[in-house]
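Be aware that the sequence shown starts at 1, since it is given in UniProt numbering, and climbs by one per residue.
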Amino acid sequence: MSISHILQSGLAEARSSGAKQVELQHLPDGGADELAKETLEFLRGRPGRPSAVSGWTAVSASNTGVMAWWADESGLTTEAQQRRLRTLRRQVYDLLDERGLIIKPASPSAAVDVSPAPVAAAETAPAEPAAEAAPAEAVAEEPARAEAVAEEPARAEAVAEEPAPAPAEAVAEEPAPEGPTAAVAPKAKVAKAKAAKAAKPKAAKADKPAKKAKAAKAAKPAKKAKATAVAGAAPAEPTATDTSTAQVVAAPDDVGAWVLRLDPTVWNLARFIADGHREVRAWAVEDVERSAAMTRGQRVFLWAGGDGTLVMAGVWGVGWVVGPCQSGSVADGYWTDPAGNSRHRLFADVSIQFLAHPVGRQQVVDDSRLANIEVLRDPFGDNPSRLTPDEAAAMLALVGWDPAPPA
1 MSISHILQSG LAEARSSGAK QVELQHLPDG GADELAKETL EFLRGRPGRP
51 SAVSGWTAVS ASNTGVMAWW ADESGLTTEA QQRRLRTLRR QVYDLLDERG
101 LIIKPASPSA AVDVSPAPVA AAETAPAEPA AEAAPAEAVA EEPARAEAVA
151 EEPARAEAVA EEPAPAPAEA VAEEPAPEGP TAAVAPKAKV AKAKAAKAAK
201 PKAAKADKPA KKAKAAKAAK PAKKAKATAV AGAAPAEPTA TDTSTAQVVA
251 APDDVGAWVL RLDPTVWNLA RFIADGHREV RAWAVEDVER SAAMTRGQRV
301 FLWAGGDGTL VMAGVWGVGW VVGPCQSGSV ADGYWTDPAG NSRHRLFADV
351 SIQFLAHPVG RQQVVDDSRL ANIEVLRDPF GDNPSRLTPD EAAAMLALVG
401 WDPAPPA
């Protein structure tokens with residue numbers, strides 16, 4: 001059963017049942033296990049760093065590329081289709097985590113720990129000890145030793161009666177997890193790594209007001225679509241339920257700039273510009289560690305996605321983060337999806353100037369310094385995406401304009 005068949009069947013079943021998100025229950029018989037198996041093999045082939053679990057690999061969120069791979073395998077060309085697979089990806093991660101094959105990320109921006117591929121038994125079987133193959137010649141060379149053994153029958157019998165150690169094969173009799181198999185790390189190590197991973201994001205968010213956390217959680221539907229673009233208005237004043245500016249955490253050292261993504265099927269960029277707007281002052285982002293790390297004085301680029309039908313895909317603006325992200329809403333009249341404004345509750349406080357001549361996606365791809373940036377590798381990953389310092393410098397050179405930072 002191909003990945004394309006599994007995902008296309010799931011999309012069709014979800015549509016027929018009126019579901020907005022594809023879930024495991026929408027897949028054909030056997031599809032869940034097959035999709036989990038293929039996804040595990042894909043993750044094992046992704047670049048990563050040594051995990052806290054010995055022998056495993058930690059694959060960063062920017063390098064997983066699962067959504068882009070699914071889209072490529074199944075021919076999903078629209079962002080709307082791909083966004084409908086986000087719940088399915090989480091469920092596949094849950095399935096692999098339950099089977100001890102991965103440690104799922106604690107947040108969308110965290111790394112996933114991936115078990116190694118199993119090694120063939122022939123490669124791991126120990127070589128036959130040479131001593132056992134030694135024939136009677138060895139005994140003949142040591143007559144004194146042979147006589148000594150013969151003179152001590154009681155000792156020989158005692159040795160013979162001593163219980164032999166449990167054979168190595170006994171380990172192999174432990175039932176393996178159902179579905180995809182792997183060389184699973186010791187349970188204690190996996191549990192310890194999971195506990196450490198779960199504790200890290202919780203600690204980072206421990207200081208958030210309980211009221212805000214509840215409000216943010218309540219505002220997100222259970223099957224929330226991808227957070228997408230919003231522009232054209234200053235961040236809304238916090239309401240009684242959207243109480244505060246999002247907590248700020250330290251940005252990673254490798255962040256040279258943020259990239260905010262726009263979905264032209266959700267927010268009308270073309271009409272916004274046609275109406276004379278030249279600046280974006282608020283943008284919808286996901287409530288993840290990255291958005292919490294956005295602070296005043298960081299450079300930011302505006303990236304339009306899509307297939308180029310509504311607006312050209314590529315870089316449309318450049319500017320700066322003005323302040324930390326804020327909870328609220330932006331009803332600016334440019335939502336093409338009527339439910340868009342109600343879905344998004346966290347907005348980046350930015351000042352992004354539109355480019356006189358936007359830089360197309362192909363121009364970015366053709367620049368060797370930028371051909372592997374995160375937004376190209378995983379166009380449906382976290383919003384915001386990021387650029388390394390070198391990538392940010394290359395992008396700035398490509399757009400040819402650097403507006404003054406906030407005073």
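Beta carbons: idealized from backbone N, C-alpha and C, even for Gly.
- Item | Continuous alpha helix (DSSP H) stretch holding threonine 39: start and end | Here residue 39 refers to the residue found at position 39 when the sequence shown is read from its first residue. Boundaries of the alpha helix (DSSP H) harbouring threonine 39: 31-44, taken from the DSSP string.
Using CA atoms only, rank isn't needed, just tell me which of Met312, Ala270, Trp303 is closest to tyrosine 334. Counting from 1 along the sequence shown, the entry for residue 334 is found at position 334. Here the closest residue by C-alpha is Ala270.
Q. Under 8 Å, do glycine 314 and glycine 360 count as touching if we go by C-beta distance?
A. Here residue 314 corresponds to residue number 314 of the sequence shown, with the count starting at 1. Here residue 360 corresponds to residue number 360 of the sequence shown, with the count starting at 1. Against a cut-off of 8 Å, the Cβ pair of glycine 360 and glycine 314 comes out as a contact.
*Determine, using beta-carbon pairs with one atom in the stretch 366-385 and one in the stretch 323-332, whether at least three such pairs fall under 8 Å.*
no
* Asked: Hey, how far is the Cα of serine 74 from the Cα of serine 368?
  -> Taking the sequence shown and counting its residues from 1, one reaches residue 74 at position 74. Taking the sequence shown and counting its residues from 1, one reaches residue 368 at position 368. Those two C-alpha atoms are separated by around 28 Å.
Discussion item. Counting C-beta neighbours from all protein chains within 10 Å, is the total for histidine 357 16 or more, i.e. buried, or is it exposed?
Written reply: Against the sequence shown, residue 357 aligns to sequence position 357. Exposed.
task: Could you tell me the distance, in whole angstroms, from the CA atom of leucine 27 to the CA atom of valine 92?
output: What you label residue 27 is simply residue 27 of the sequence shown in a count that begins at 1. What you label residue 92 is simply residue 92 of the sequence shown in a count that begins at 1. So the alpha carbons of these two residues sit roughly 12 Å apart.
Whole-angstrom Cβ separation of aspartate 402 and leucine 396, contact assumed at under 8 Å? Taking the first residue of the sequence shown as 1, we reach residue 402 at position 402. Taking the first residue of the sequence shown as 1, we reach residue 396 at position 396. Right, the Cβ-Cβ distance comes to about 6 Å (below 8 Å), so this counts as a contact.
Please say whether aspartate 94 and isoleucine 103 have beta carbons closer to each other than 8 Å? Translated into the one-based positions of the sequence shown, residue 103 becomes position 103. Translated into the one-based positions of the sequence shown, residue 94 becomes position 94. Their beta carbons are not under 8 Å apart, which means isoleucine 103 does not touch aspartate 94 by this criterion.
Taking its Cβ as the centre, do 16 or more other Cβ atoms sit within 10 Å of glutamate 41, making it buried, or is it exposed? One-based indexing of the sequence shown puts residue 41 at position 41. Exposed: under 16 other Cβ atoms inside 10 Å.
Can you grab the Cα-Cα spacing for the pair leucine 88 / valine 59, in whole Å?
Walking along the sequence shown from the start, residue 88 turns up at place 88. Walking along the sequence shown from the start, residue 59 turns up at place 59. If I take the Cα positions, the gap works out to 19 Å.
Q. Taking the DSSP output, what are the residues bridged to residue 433?
A. Outside the shown range of the chain, which is 1 to 407, sits residue 433, and nothing can be said about it.
Restricting to Cα atoms, I'd like to know which of Met312, Val318, Trp283 is closest to valine 300. In the sequence shown, the residue the question calls residue 300 occupies position 300. Considering only alpha carbons, the answer is Val318.
If you draw a straight line from the alpha carbon of glycine 100 to that of threonine 388, how long is it in whole angstroms?
Counting from 1 along the sequence shown, the entry for residue 100 is found at position 100. Counting from 1 along the sequence shown, the entry for residue 388 is found at position 388. Taking the straight line from one Cα to the other gives about 33 Å.
For alanine 69, collect the residues of the same chain with a Cβ closer than 7 Å to its Cβ; drop the 5 residues on either side in sequence, then sort them by chain order.
Start at 1 with the first residue of the sequence shown, and residue 69 comes out as number 69. Alanine is not the amino acid found at residue 69; the sequence shown has tryptophan there. Counting only Cβ-Cβ distances below 7 Å, and skipping sequence neighbours, we find Phe42.
Cutoff 8 Å; reference methionine 1; Cβ partners in own chain excluding five residues on either side:
Counting from one through the sequence shown, the residue named residue 1 turns up at place 1. Excluding residues within five positions, the ones whose Cβ falls inside 8 Å are Pro28, Gly30, Gly31, Glu34.
Quick check on glutamate 286: does DSSP put it in helix, strand or coil? On the sequence shown, residue 286 is found 286 positions in, with the first residue counted as 1. Glutamate 286 falls in the coil class under three-state DSSP.
Between the alpha carbons of glycine 55 and proline 116, how many angstroms are there, rounded? In the sequence shown, the residue the question calls residue 55 occupies position 55. In the sequence shown, the residue the question calls residue 116 occupies position 116. Spanning the two alpha carbons is a distance of roughly 7 Å.
Cutting at 8 Å between CB atoms, please list the residues of its own chain near valine 365, excluding the five before and the five after it. Walking along the sequence shown from the start, residue 365 turns up at place 365. Once the five neighbours on either side are set aside, the close Cβ partners of valine 365 are Ala371, Leu376.
**Asked** Could you give the C-beta distance for threonine 265 and glycine 306, rounded to a whole number, given that I count them as a contact under 8 Å?
**Response** One-based indexing of the sequence shown puts residue 265 at position 265. One-based indexing of the sequence shown puts residue 306 at position 306. The Cβ separation is near 7 Å, so the contact holds.
Item to complete: Alpha carbon to alpha carbon, how far is valine 285 from glutamate 384? Give it in angstroms, no decimals.
Response: Your numbering for residue 384 matches position 384 in the sequence shown. Your numbering for residue 285 matches position 285 in the sequence shown. Strictly speaking, residue 384 in this sequence is proline, with glutamate absent from that position. Roughly 6 Å separates the two Cα atoms.
Buried or exposed: which applies to serine 16, given that a residue is buried once 16 or more other Cβ atoms fall within 10 Å of its Cβ?
-> Taking the first residue of the sequence shown as position 1, residue 16 is located at position 16. The residue is exposed, with fewer than 16 neighbouring Cβ atoms inside 10 Å.
query: Is it buried or exposed for proline 47, if we count other Cβ within 10 angstroms and need 16 for buried?
result: Taking the first residue of the sequence shown as position 1, residue 47 is located at position 47. With fewer than 16 other Cβ atoms within 10 Å, it is exposed.
ask   = Between the Cα of valine 288 and the Cα atoms of Ala110, Leu11, Asp97, Ser9, which residue gives the shortest distance?
value = By one-based count along the sequence shown, residue 288 stands at place 288. It is Ala110 whose Cα lies nearest to the Cα of valine 288.
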